[in-house]
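End of the sequence shown = 301 in the numbering used here, gap-free, step of one.
All C-beta atoms, glycine included, are put in the ideal place defined by N, C-alpha and C.
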Amino acid sequence: MTNLMLIVSTLCVLFVKLSYGYSLENVLPASNSPTQAQAQAQAQAQAQAQAGYAYLVLQLQWPGAHCILFNCGVKQLPNNFTIHGLWPFNSSGVASDRLRLHMVSFPQLKNGLSVNLRHNLDIFWPDIQNHDNVRFWRHEWNSHGTAAHQVFSLANYFNKALEIKHRYDIIQALNQKGIHHGSDVSIKDVGVVLEGLVGPNNYVIECSKKSKTSPTYLHEIGLCFDINGIHQVACVHKSTKYHCPPNVRFE
Numbered sequence: 051m052t053n054l055m056l057i058v059s060t061l062c063v064l065f066v067k068l069s070y071g072y073s074l075e076n077v078l079p080a081s082n083s084p085t086q087a088q089a090q091a092q093a094q095a096q097a098q099a100q101a102g103y104a105y106l107v108l109q110l111q112w113p114g115a116h117c118i119l120f121n122c123g124v125k126q127l128p129n130n131f132t133i134h135g136l137w138p139f140n141s142s143g144v145a146s147d148r149l150r151l152h153m154v155s156f157p158q159l160k161n162g163l164s165v166n167l168r169h170n171l172d173i174f175w176p177d178i179q180n181h182d183n184v185r186f187w188r189h190e191w192n193s194h195g196t197a198a199h200q201v202f203s204l205a206n207y208f209n210k211a212l213e214i215k216h217r218y219d220i221i222q223a224l225n226q227k228g229i230h231h232g233s234d235v236s237i238k239d240v241g242v243v244l245e246g247l248v249g250p251n252n253y254v255i256e257c258s259k260k261s262k263t264s265p266t267y268l269h270e271i272g273l274c275f276d277i278n279g280i281h282q283v284a285c286v287h288k289s290t291k292y293h294c295p296p297n298v299r300f301e
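Here you go:
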């Protein structure tokens, strides 16, 4: 009888509170089950732990600046950003360690990439500094790609870099805003363009100097994505090169 009276009393209080406009969230006791946001965060953390890294960076380089800095000796440079690498980073913004077990030799690299894929890499991922594309690709896979082997096979790693590159035409976006190479440009203006492409905090602009007295050049741009290279995410890492002043040379 006492339990029945307690139940009736509780129901009466609940009815009164609902009558006065209380929501069920304010009336019923809090649930111990995780919210949707918490569940998504837990799933993301588990996926990152399984992958071995927290996010990917598509690192792009501007050929004009790169060849001033490293004396490429190339007369005809690509008129667009080219791929430097696709780099896994951990949640602290540190590049993930390469894994020797998954490194490849030159024959293994060539056999693992189709003729069509190598053709596209020749165009969009060239070694403009040393003119040895296969050596460059092997270096990038062995140094960075192996850290993402849980998610990407050898061919899928290079295909993913190309796929992300084709999603964003940075040079066209810059030109549309009146930012052209061969001139001094505002880093703030470049940032506004990148923010429009990939969102705030999802990119890193890298600048370099050839010497203490030389101009500062817009050298590389990093775009940050989730572990699968699908959705943009915030970049945790900082620029690994010279700090960009307000105005730089876009050569």
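Restricting attention to alpha helix (DSSP H) runs no shorter than 4 residues, the segment 194–244 encloses them at 204–217, 220–226, ordered along the chain. In this structure, DSSP gives W137 an extended state, which the three-state scheme calls strand.
Between the alpha carbons of L151 and L171 lies a distance of about 24 Å.
By the Cβ neighbour-count rule, S146 is buried, with 16 or more other Cβ atoms within 10 Å of its own. Residue state for N121 is assigned as coil, using DSSP reduced to three classes. G123 and E301 do not touch by the CB rule: their CB atoms are close to 16 Å apart, not below 8 Å. The segment 182–200 makes no contact with the segment 253–270: fewer than 3 CB pairs, one atom from each, lie closer than 8 Å. The three-state secondary structure of Q111, taken from DSSP, is strand. For F174, the uninterrupted alpha helix (DSSP H) run begins and ends at 165–174, by DSSP. Taking Q158 as reference, the option from H181, V144, R185 with the minimal CA-CA separation is R185. Looking at the DSSP output, V254 bridges to G272. In this structure, L108 sits away from C117, with a CB-CB distance that is not shorter than 8 Å. The beta carbon of Q200 lies closer than 8 Å to those of Q100, A101, G102 in the same chain, with the five residues before and after it left out. N161: member of the alpha helix (DSSP H) spanning 156–162, first to last residue. If you compare the alpha carbons of L119, S289, G241 with that of K259, the shortest gap goes to L119. A straight-line Cα-Cα distance of about 14 Å links V235 and W112. In terms of Cβ geometry, S289 and E256 form a close pair [threshold 8 Å].
With distances taken between CA atoms, F131 lies nearest to H216 out of H216, T263, H281.
A Cβ-Cβ contact shorter than 8 Å links A198 with P138.
The alpha-carbon separation between K160 and F208 amounts to approximately 12 Å. Under DSSP, no beta-bridge partner is assigned to T263. With respect to the 8 Å criterion, L110 and I277 are not classified as neighbours on the basis of their beta carbons. Leaving aside the five residues that flank A205 on each side, the residues in its chain whose CB is nearer than 8 Å to its CB run, in chain order, G162, L163, S164, L167. Cβ neighbours of V242 within its own chain (closer than 8 Å, five residues either side excluded): K227.
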